[in-house]
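This report concerns only the one structure given below.
Here it is, written out as structure tokens:
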């Protein structure tokens, strides 16, 4: 019988996007960042396929931070 590896997921924060949707940030297996949409409505409660997951230790984290700095600069220019 084949064993399926269980993943360890630690939630680190949520941002409310609307009355029914939240963006949830989690660390998975101590090596991946997962950003996923959680929905809670009358019809559905659970994760959507919307989101992303990437490894933190292969250079992506530094690139992601640079991207967020650019997003923040654009936001500051708009405000």
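In the numbering used here, the protein residues as written are -11 to 67. For glycine and all other residues, C-beta sits at the position ideal for the given N, C-alpha and C.
Spatial distance of residue i from residue j (CA atoms)
| i | j | result |
| --- | --- | --- |
| residue 31 | residue 19 | 33 angstroms |
| residue -3 | residue 21 | 10 angstroms |
| residue 2 | residue 40 | 15 angstroms |
| residue 12 | residue 4 | 9 angstroms |
| residue 27 | residue 60 | 26 angstroms |
| residue 16 | residue 53 | 18 angstroms |
Simplified DSSP state of residue i, which is helix, strand or coil
| i | result |
| --- | --- |
| residue 69 | Missing from the structure shown is residue 69; the chain here goes from -11 to 67 and no further. |
| residue 4 | strand |
| residue 20 | strand |
| residue 55 | helix |
| residue 66 | helix |
Counterpart residues of residue i in DSSP-defined beta bridges
| i | result |
| --- | --- |
| residue 33 | 28 |
| residue 72 | Examination of residue 72 is not possible in this model, given that the chain is present from -11 through 67 alone. |
Nearest neighbour of residue i, chosen from the options [CA to CA]
| i | options | result |
| --- | --- | --- |
| residue 0 | 6, 24, 8, 65 | 24 |
| residue 44 | 9, -7, 14 | 14 |
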